[in-house]
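Comments concern the structure below.
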DNA sequence: CTTTTTCCCTGGACGC
DNA sequence: TGCGTCCAGGGAAAAA
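Numbering (the working numbering), first residue to last: 196 to 490.
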């Protein structure tokens with residue numbers, strides 16, 4: 196399931212392939228991809244456009260054309276883009292194909308058909324993204340204090356708040372669980388109850404989890420693949436996601452599995468205590484000493 | 001405004 | 001072997 200690290204990896208691999216190239220022709224096989232627009236019309240509009248840049252914002256892939264138009268791609272759960280020089284392999288899950296002016300093709304495949312392509316006119320992109328997305332977590336202006344502002348007054352579980360793209364852009368179910376483990380924060384903690392020290396840990400945990408994911412070129416569980424077909428390897432580094440019953444890397448306690456906000460949620464019951472309930476609001480004493488005792 | 005719920009969509013895992 | 005059921009989950013939209 197492509198989250199920020201996966202989309203960033205795709206962007207990095209696709210940028211040199213697409214930049215400067217012209218879309219010779221586009222075929223859209225699945226009408227759902229561009230709904231509510233007509234597939235044939237969108238395909239015709241895309242034909243002839245030349246790529247100026249390939250960028251990313253949150254989980255969106257942004258293909259900027261020299262005309263000022265933008266193709267905004269969201270891979271959702273199972274979308275992927277594949278670049279090939281030969282004739283594209285037959286694939287029952289192919290949803291669209293872009294023929295480039297150098298003879299190569301970019302195929303879009305998507306098993307579950309949740310992904311979307313949206314063609315935007317010049318000037319439409321920025322307001323669209325502002326409406327939907329919060330801070331870019333790896334951007335310099337995303338700080339622990341800024342995170343605190345976004346969480347203030349929110350009673351929802353911290354996990355739900357982090358999954359909300361308007362809080363922070365790009366976190367999904369995997370990296371939220373990983374970040375909360377790194378920050379040693381229970382996924383059900385009310386977002387507004389996260390104190391200063393915890394905010395610092397969470398800020399670092401978010402960045403560390405995402406950066407690890409990018410360094411490993413994302414996590415391949417089933418459908419995600421790089422544009423050349425290679426797999427990411429972040430799934431080998433998961434601390435909690437999908438590891439129910441396995442020992443926590445920090446303390447050895449079996450990882451617990453629950454459901455938060457309708458999502459499968461994994462955490463370490465020892466490292467990520469629920470605490471902080473009604474009683475002791477335990478002011479932010481710098482409990483700097485007495486960290487964890489490894490294993 | 002915030003939060004919760006439902007729905008979309010397919011295929012793999014599992015029970016019988 | 002085959003069928004039914006559950007699960008995976010990002011985000012839009014509607015409900016609360």
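Ideal placement from N, C-alpha and C gives every residue a C-beta, glycine not left out.
Query, Result
"contact_flag[the stretch 336-350, the stretch 393-400] where n(CB pairs < 8 Å) is 3 or more", "yes"
"CA-to-CA distance, residue 242 to residue 234, given in whole angstroms", "12 Å"
"Separation of residue 211 from residue 160, as counted between CA atoms", "Outside the shown range of the chain, which is 196 to 490, sits residue 160, and nothing can be said about it."
"Endpoints, alpha helix (DSSP H) assigned at residue 204", "199-213"
"For residue 387, three-class secondary structure by DSSP", "helix"
"Chain-order list of residues whose beta-carbon lies under 7 Å from that of residue 407 (same chain, five-residue window excluded)", "429 and 432"
"Option nearest residue 298 by Cα separation, candidates 467, 424, 217 and 206", "217"
"Per-residue burial, residue 371 [other beta carbons within 10 Å of its own, 16 or more giving buried]", "buried"
"Per DSSP, the bridge partner or partners of residue 426", "Paired residues: none, contrary to the question."
"Pairwise C-alpha distance: residue 468 and residue 327", "32 Å"
"Residue 380 in three-state terms, based on DSSP", "coil"
"Endpoints, the alpha helix (DSSP H) within which residue 354 is located", "353-358"
"Residue 306 - DSSP class collapsed to helix/strand/coil", "coil"
"Helix, strand or coil at residue 464 [DSSP, three-state]", "coil"
"CB of residue 292 within 8 Å of CB of residue 305, strictly", "no"
"Residue of 324, 254, 269 and 215 minimising C-alpha distance to residue 229", "269"
"Residue 279 in three-state terms, based on DSSP", "strand"
"Whether residue 419 touches residue 275 by CB criterion (8 Å)", "yes"
"Coarse secondary structure for residue 246, derived from DSSP in three states", "strand"
"C-alpha gap between residue 261 and residue 209, whole angstroms", "17 Å"
"Buried versus exposed call for residue 213 [16 or more other C-beta atoms within 10 Å across all chains shown]", "buried"
"Residue 185 versus residue 409: straight-line alpha-carbon distance, rounded", "Only positions 196 to 490 of the chain appear in the structure, and residue 185 is not among them; the question remains open."
"Chain-order list of residues whose beta-carbon lies under 7 Å from that of residue 373 (same chain, five-residue window excluded)", "404, 433, 434, 435 and 436"
"Which of helix, strand or coil DSSP assigns to residue 313", "strand"
"Where residue 448 falls, given that 16 or more other Cβ within 10 Å makes a residue buried", "exposed"
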